[in-house]
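The numbering used here applies: residue 13 is where the sequence shown begins, and numbers increase by one.
Note sheet for the following structure.
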Amino acid sequence: MKVSTHTCPVCGFDQLKEAPRSKSGSASFEICPACGFQFGVSDDDDGLTYDEWREDWITRGMEWSSRGIKTPRGWKPEALLKSVLKKKK
13 MKVSTHTCPV
23 CGFDQLKEAP
33 RSKSGSASFE
43 ICPACGFQFG
53 VSDDDDGLTY
63 DEWREDWITR
73 GMEWSSRGIK
83 TPRGWKPEAL
93 LKSVLKKKK
């Protein structure tokens with residue numbers, strides 16, 4: 013059985029365990045291990061948009077954010093980021 017994964021709308025990391033938002037708009041509160049965005053906190057509580065967080069993450073060098081989850085082998089943030097930016101157009 014294939015495990016369903018979801019994509020971070022901030023950085024394009026495609027292995028989130030939950031959808032960032034449910035169909036009703038509720039946040040998952042999951043933290044993206046790649047960019048560090050926490051759905052329902054970074055946006056709802058802190059008032060940051062996906063674009064604002066993304067720009068800051070890029071400025072900081074697109075470093076892997078999680079300390080508890082190892083960076084996936086062959087992880088290329090530039091490639092994932094391209095997929096997110098392409099979807100925005």
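For glycine and all other residues, C-beta sits at the position ideal for the given N, C-alpha and C.
Can you check the stretch 35 to 76 for any alpha helix (DSSP H) of at least 4 residues that lies completely inside it and give the ranges in chain order?
Listed in chain order, the alpha helix (DSSP H) elements of length 4 or more contained wholly in the stretch 35 to 76 are 62 to 71.
Distance CB(Ala39)-CB(Gly52) smaller than 7 Å:
Closer than 7 Å, so yes.
Out of curiosity, what's the CA-to-CA distance linking Arg72 and Lys82?
Rounded to the nearest whole angstrom, the C-alpha separation of Arg72 and Lys82 is 19 Å.
Thinking C-alpha only, which one of Thr17, Cys23, Phe49 and Ser16 is nearest Ala91?
When only C-alpha atoms are compared, the closest one is Cys23.
Distance, Cα to Cα, Ile43 vs Asp55?
Between the alpha carbons of Ile43 and Asp55 lies a distance of about 12 Å.
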